[in-house]
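Numbering (the working numbering), first residue to last: 4 to 761. C-beta: ideal position from N, C-alpha, C; glycine also. The structure displayed is predicted, hence computed values, not measured ones. Data first, discussion second: the structure below is written as structure tokens.
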Amino acid sequence: MKKIEKYMGPAAGWGAVKAVAEAIRQQMDIKDDIIAMFEMNKPQGFDCPGCAWPDPKHSASFDICENGAKAMSWEATSKTTTPNFFGMHSVSELFGWNDHELENEGRLTHPMKYNAKTDHYEKIDWDDAFEYIGKCLSNYSNPNSVEFYTSGRTSNEAAFLYQLFAREYGTNNFPDCSNMCHEPTSVGLAESIGVGKGTILLDDFDKADLVICIGHNPGTNHPRMLSSLREVSKRGAKIIAINPLKERGLERFTYPQDPIEMLTLESTKLSQYYYKVRIGGDTALLKGVMKVIIEANDKANVEKRPSILDNDFIQNHTVGFEYLKHDILTTSWNDILQISGLSKSDIYEIAALYIEAKNTIICYGMGITQHQHGTKNVQQIVNLLLLKGNIGRDGAGICPLRGHSNVQGDRTVGITEKPSQLFLDNIEEYFDFKPPTKFGHAAIDSMKAIANGNARALICMGGNFAVAMPDKDTCYSGIKKLDLVVNIATKLNRSHLLTAKHTLLLPVLGRTEQDIQETGIQSITVEDSMSMVHASLGKLKPISKYLKSECAIVAGIAKATIPKTKVNWDELISNYDNIRNAIEKILPEFKGYNENIRIPGGFHLNNSASQRKWLTKTGKAHFITTKSIIEDPQSARNSELVLATIRSHDQYNTTIYGYDDRYRGVFGQRDILFISKLEADRQGLVAGERVNIIAIDNQGMRTHRCLTDLKIVIYDMAEHCVATYFPESNNLIDINNFDPISGIPAYKNIPILIEKKQ
Ligand SMILES: Nc1nc2c(c(=O)[nH]1)N[C@H]1C(S)=C(S)[C@@H](COP(=O)(O)OP(=O)(O)OC[C@H]3O[C@@H](n4cnc5c(=O)[nH]c(N)nc54)[C@H](O)[C@@H]3O)O[C@H]1N2
Ligand SMILES: Nc1nc2c(c(=O)[nH]1)N[C@H]1C(S)=C(S)[C@@H](COP(=O)(O)OP(=O)(O)OC[C@H]3O[C@@H](n4cnc5c(=O)[nH]c(N)nc54)[C@H](O)[C@@H]3O)O[C@H]1N2
Ligand SMILES: [Mo]
């Protein structure tokens with residue numbers, strides 16, 4: 004039922020229990036499958052296909068959350084999308100279905116090939132499918148005209164094989180979902196601290212005095228994090244939230260596994276301090292906080308009081324402090340306050356909390372990264388931490404909240420368009436072929452090559468590439484002009500309906516399902532947000548006997564494409580231990596891989612920065628200055644109104660489970676625009692009114708990009724900001740609107756204007 008009704012409860016609690024029951028009822032046969040749920044995130048079970056938040060170490064207890072249950076029931080559904088279904092519905096007809104309807108048909112069961120004459124997908128045998136793909140791929144004279152996309156659910160083993168195949172084929176074109184989410188982390192942290200990953204472990208939360216959550220929404224996207232935040236709060240440590248929207252998951256939480264909290268309807272307060280920063284205002288805010296700290300430190304020095312900054316650390320471990328100091332002290336309060344949208348007293352309060360805390364962890368998500376200045380945002384967070392030596396110490400550090408459950412692992416094992424020479428040399432030595440050294444395409448370059456006709460084929464290991472990317476017009480029409488598109492997927496989505504000259508749809512085993520190869524049942528491995536690598540073992544009987552594993556599909560395509568391949572594909576996939584042995588040879592940090600993943604909880608990949616070893620150009624951690632907070636012409640200040648595109652509580656990226664966004668009080672609908680009361684008054688709008696939004700360019704001029712017929716929802720949020728859901732809104736973003744350093748699309752920073760719907 005459609006309604007807008009303020010949500011009064013805490014995050015999780017009974018609302019979550021009800022939602023889990025509902026998710027299961029709608030998707031799964033209530034029998035053995037239900038038991039599978041309790042195998043999730045257990046040492047001998049499978050890794051949750053939801054988020055990348057780590058599991059409590061060596062824990063035998065299950066830690067399940069509402070959205071993990073949705074992810075798992077959505078994959079383990081008993082509904083199927085069969086050849087019969089494709090016989091009944093043409094591709095053109097299916098294109099008219101919405102994203103929820105497409106995936107809700109259930110799991111793909113057979114390999115399918117598109118027939119342009121009938122406009123239907125038709126069944127094809129696996130061997131024929133491989134041969135067909137192999138024939139197309141071996142026809143292209145330039146391997147760099149093929150794009151190999153990866154979405155982050157793919158296991159380490161499959162991702163490793165996938166990159167091996169693409170490199171033997173001859174390209175480094177690896178567009179990846181992390182190009183749309185944490186590329187500013189990979190690039191920005193690498194430049195600042197020498198490693199593009201977070202530096203903390205879960206245990207650090209037990210020792211932190213202050214946790215700052217900037218630009219992420221854990222109640223929806225990383226719900227298991229709420230139990231860590233709850234412990235922090237119960238211990239009396241402080242939590243600060245910095246977010247343009249008031250998010251319930253950052254405010255109050257009832258732990259579903261705590262019977263007393265559940266029965267007494269009590270909840271734990273999470274963030275004691277909440278600052279509604281303006282969209283795109285984080286760098287200004289962080290600079291403001293640093294200004295207060297540096298000025299206070301200078302004053303303390305003059306008055307001969309103890310230093311606030313960690314001078315030893317700054318001297319021995321960092322470079323660039325003087326530049327940073329100069330930049331910060333010359334940044335005007337006027338700019339800081341206007342761009343951040345906060346008051347001076349807010350910024351002094353944050354600075355005071357940071358000064359007072361011995362150990363600070365800063366967590367961040369898409370609110371920081373998906374901007375034109377996403378990399379700089381990340382680096383300002385590092386600057387703040389470095390000032391007090393808050394990296395490489397217990398209870399302190401930086402914590403990027405990764406997206407897909409194995410997006411980090413995929414990158415670790417070689418899904419990168421810019422491989423290191425060492426990695427390539429090791430491949431050459433072990434596999435005896437020369438991989439290409441020319442850097443390839445990340446997501447934006449790949450989509451541009453597709454749009455301008457330079458690419459001929461696109462292979463997608465999972466995901467919904469064209470729908471997840473900005474600029475639907477460019478992406479959709481580009482893909483339809485390709486020669487070959489291959490999608491390897493669990494469920495039908497819109498990208499699969501963008502047919503090229505030759506189009507194949509290959510159904511794959513999900514993580515919940517048993518993967519049986521020649522030597523028996525196989526585990527795969529994944530790496531979480533905190534660099535813990537552990538095994539995942541599927542439990543359920545596969546939904547169709549025609550499914551193949553991702554590893555087997557890569558091997559099948561590789562053998563058909565490169566008849567004289569140097570890789571023994573059959574041996575590798577007969578036992579995934581063989582793949583892990585190969586990974587260990589190429590990437591020495593995986594030493595003892597097969598033994599280590601048999602330890603419950605897995606093992607930690609070495610993180611140099613957490614040991615204060617800085618693998619940067621200078622061997623030190625870098626304070627990186629961004630000259631001005633307004634150097635980008637599209638920054639928030641130049642536009643009256645900025646739109647952020649966000650996730651509802653009932654979606655997983657482009658997968659729409661349902662139409663409720665419970666914590667934000669939205670039920671039965673997604674066509675809405677969140678706006679503050681003040682901003683609505685300023686724009687002359689009232690709740691329930693329908694509007695169109697139009698993207699504007701650098702000069703403030705209207706563009707042709709618009710999204711029509713949204714309902715105004717008054718929400719507790721910052722001024723000059725609005726928010727709506729993706730992927731419906733993705734055509735508002737021009738393909739050229741991205742962070743020039745990392746290439747991440749500015750999904751959270753779209754200058755717009757609002758018009759009443761006539
Ligand atoms: N259930 C579920 N879990 C998921 C996903 C999912 O879709 N559903 N997706 C997975 C993936 S791939 C990813 S990358 C993560 C994403 O997880 P999050 O990073 O939490 O993603 P979002 O919901 O896009 O945005 C987070 C927050 O950023 C805030 N925000 C917007 N603009 C700004 C800004 O300028 N500054 C600040 N400080 N905040 C801002 C928004 O209000 C929102 O609360 O979650 C992963 N987990
Ligand atoms: N406007 C806007 N756009 C965004 C974002 C935003 O915040 N705003 N966020 C961006 C982010 S952070 C990300 S990560 C991207 C997401 O981009 P993608 O990762 O490309 O998209 P998903 O929606 O996660 O992909 C869902 C599909 O993956 C397939 N799938 C599911 N499980 C498996 C599996 O185990 N194996 C295989 N082979 N396939 C599987 C199913 O067919 C399903 O339909 O979207 C980005 N787009
Ligand atoms: Mo993501």
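(message) So for Y503, helix, strand or coil by DSSP?
(response) Translated into positions along the sequence shown, residue 503 becomes position 500. In the sequence as displayed, the identity of residue 503 is Ala instead of Tyr. If DSSP states are grouped into helix, strand and coil, A503 belongs with coil.
(request) Let me know the secondary structure DSSP gives A308 once reduced to three states. (result) Sequence index remark: in the sequence shown, residue 308 carries index 305 (1-based). Per the sequence shown, residue 308 should be read as Arg rather than Ala. In the three-state reduction of the DSSP assignment, R308 falls in the coil class.
(message) Measuring only the C-alpha atoms, how far is V410 from D179?
(response) Taking the first residue of the sequence shown as 1, we reach residue 410 at position 407. Taking the first residue of the sequence shown as 1, we reach residue 179 at position 176. C-alpha separation (whole angstroms): 9 Å.
(request) Could you name the residues of the same chain whose beta carbon sits closer than 7 Å to that of F98, not counting the 5 residues immediately before and after it, in chain order? (result) Here the question's residue 98 lines up with position 95 in the sequence shown. Excluding sequence neighbours, F98 sits near L500.
(request) Pull up the distance between the alpha-carbon of D397 and that of T83, whole angstroms please. (result) Taking the first residue of the sequence shown as 1, we reach residue 397 at position 394. Taking the first residue of the sequence shown as 1, we reach residue 83 at position 80. Rounded to whole angstroms, D397 and T83 show a C-alpha spacing of 48 Å.
(message) Let me make sure I understand the geometry here. Which of A460, Q318, M75 has the alpha-carbon closest to that of V149?
(response) Here residue 149 corresponds to residue number 146 of the sequence shown, with the count starting at 1. V149 has its Cα closest to that of A460, out of A460, Q318, M75.
(message) Mapping the DSSP letters down to three states, classify N380 as helix, strand or coil.
(response) In the sequence shown, residue 380 corresponds to position 377, counting from 1. It is helical.
(message) Do I245 and G218 have their beta-carbon atoms positioned less than 8 Å apart in this structure?
(response) Residue 218 sits at position 215 when you count from the first residue of the sequence shown. Residue 245 sits at position 242 when you count from the first residue of the sequence shown. Against a cut-off of 8 Å, the Cβ pair of I245 and G218 comes out as a contact.
(request) Go through the residues and name those whose CB comes closer than 5 Å to any heavy atom of ligand 3, in chain order. (result) Spelled out in chain order, the answer is C184, G406.
(message) Helix, strand or coil, according to DSSP, for L105 in the structure here?
(response) Start at 1 with the first residue of the sequence shown, and residue 105 comes out as number 102. Helix.
(message) If I follow the unbroken beta strand (DSSP E) through H707, where does it start and stop?
(response) The count along the sequence shown starts at 1 and reaches residue 707 at position 704. Residues 705-717.
(request) Using alpha carbons as the reference points, say which of I371, L192, E269 lies closest to L618. (result) Here residue 618 is taken as the residue at index 615 of the sequence shown, counted from 1. Answer by Cα proximity: L192.
(message) For a test of your reading of the model: does the CB of R156 fall under 7 Å from any non-hydrogen atom of ligand 2? Yes or no.
(response) The residue given as residue 156 occupies position 153 in the sequence shown. Yes; taking the cut-off as 7 Å, the Cβ of R156 has a heavy atom of ligand 2 nearer than that.
(request) Find the nearest neighbour of A303 within the set N740, I358, I342, S343, judged by alpha-carbon distance. (result) What you label residue 303 is simply residue 300 of the sequence shown in a count that begins at 1. Checking every option, the nearest Cα to that of A303 belongs to I358.
(request) Write down the C-beta distance between M720 and P57 rounded to the nearest angstrom, noting that I regard them as a contact closer than 8 Å. (result) As a position in the sequence shown, residue 720 is number 717, starting the count at 1. As a position in the sequence shown, residue 57 is number 54, starting the count at 1. About 30 Å separates the two Cβ atoms, so there is no contact after all.
(request) Please state whether DSSP places F606 in a helix, a strand or coil. (result) Your numbering for residue 606 matches position 603 in the sequence shown. Look at F606 here: in three-state DSSP terms it is strand.
(request) Go to I582, then tell me how far its alpha helix (DSSP H) extends in each direction, as first and last residue. (result) Your numbering for residue 582 matches position 579 in the sequence shown. Segment 579-589, the alpha helix (DSSP H) holding I582.
(message) Taking the alpha carbon of I675 as the reference point, which residue from P439, N147, A726, I491 has its own alpha carbon closest?
(response) Taking the sequence shown and counting its residues from 1, one reaches residue 675 at position 672. Put simply, of P439, N147, A726, I491 the residue whose alpha carbon is nearest the alpha carbon of I675 is A726.
(message) Given the structure, does Y750 come close to ligand 2, in the sense that its CB is under 7 Å from one of the ligand's heavy atoms?
(response) Mapped onto the sequence shown, residue 750 falls at position 747. True, at least one ligand heavy atom lies under 7 Å from that Cβ.
(message) Given this structure, state the Cα-to-Cα distance separating G166 from F468, to the nearest angstrom.
(response) As a working note, residue 166 is residue 163 in the sequence shown. As a working note, residue 468 is residue 465 in the sequence shown. The displayed chain sequence assigns Gln, not Gly, to residue 166. Taking the straight line from one Cα to the other gives about 18 Å.
(request) Give the straight-line distance between the Cα atoms of L288 and D330, rounded to the nearest whole angstrom. (result) On the sequence shown, position 285 is the one that residue 288 refers to. On the sequence shown, position 327 is the one that residue 330 refers to. If you draw a straight line from the Cα of L288 to the Cα of D330, it comes to about 14 Å.
(message) With distance defined between alpha-carbon atoms, name the residue in I136, N182, G344 nearest to D742.
(response) For the purposes of this step, residue 742 is taken as the residue at position 739 of the sequence shown. When only C-alpha atoms are compared, the closest one is N182.
(request) Select from D338, N740, I565, F677 the residue whose C-alpha is nearest the C-alpha of A169. (result) Residue numbering aside, residue 169 sits at position 166 when the sequence shown is read from its first letter. The shortest CA-to-CA distance from A169 to any of D338, N740, I565, F677 is the one to I565.
(message) Excluding the 5 residues flanking L710 on each side, which residues of the same chain have their C-beta closer than 8 Å to its C-beta?
(response) Working through the sequence shown from its first residue, we reach residue 710 at position 707. Answer for L710: N695, I696, T727, E731, S732, N734, L735, listed in chain order.
(request) May I ask you to check if the CB of Y277 is nearer than 7 Å to at least one heavy atom of ligand 1? (result) Looking up residue 277 in the sequence shown gives position 274. For Y277, the shortest separation between its Cβ and any heavy atom of ligand 1 does not lie below 7 Å.
(request) Answer yes or no: do L540 and S552 have a C-beta to C-beta separation smaller than 8 Å? (result) As a first step, residue 540 is located in the sequence shown; it is residue number 537 there, counting from the start. As a first step, residue 552 is located in the sequence shown; it is residue number 549 there, counting from the start. Cβ atoms of L540 and S552: not closer than 8 Å.
(request) Express the C-alpha separation of E250 and I203 in angstroms, rounding to a whole number. (result) As a working mapping, residue 203 is identified with position 200 in the sequence shown. As a working mapping, residue 250 is identified with position 247 in the sequence shown. Going by C-alpha positions, I203 is about 24 Å away from E250.
(message) By the DSSP assignment, the alpha helix (DSSP H) with R227 in it spans what residues?
(response) For the purposes of this step, residue 227 is taken as the residue at position 224 of the sequence shown. Bounds of any alpha helix (DSSP H) do not take in R227, whose DSSP letter is neither H nor E.
(message) What would DSSP say about Y124, mapped onto helix, strand or coil?
(response) Sequence index remark: in the sequence shown, residue 124 carries index 121 (1-based). Judged by DSSP in its simplified three-state form, Y124 adopts strand.
(request) Under 8 Å by Cβ, that's how I've got I627 and N386 pegged, so tell me the actual separation to the nearest angstrom. (result) Here residue 627 refers to the residue found at position 624 of the sequence shown. Here residue 386 refers to the residue found at position 383 of the sequence shown. Between N386 and I627 the Cβ distance is about 7 Å, and since that is below 8 Å, they are a contact.
(request) Specify the secondary structure class of S64 as computed by DSSP and reduced to three states. (result) The residue given as residue 64 occupies position 61 in the sequence shown. Any answer about S64 is weak, because its pLDDT of 40 lies below 50 and its placement is not dependable; what the coordinates show is given next. Assigned with DSSP and collapsed to three states, S64 falls in coil, not helix or strand.
(message) Does the distance between the C-beta of F468 and the nearest non-hydrogen atom of ligand 4 fall short of 7 Å?
(response) Although ligand 4 was asked about, the structure shown includes only ligand 1, ligand 2 and ligand 3 as ligands.
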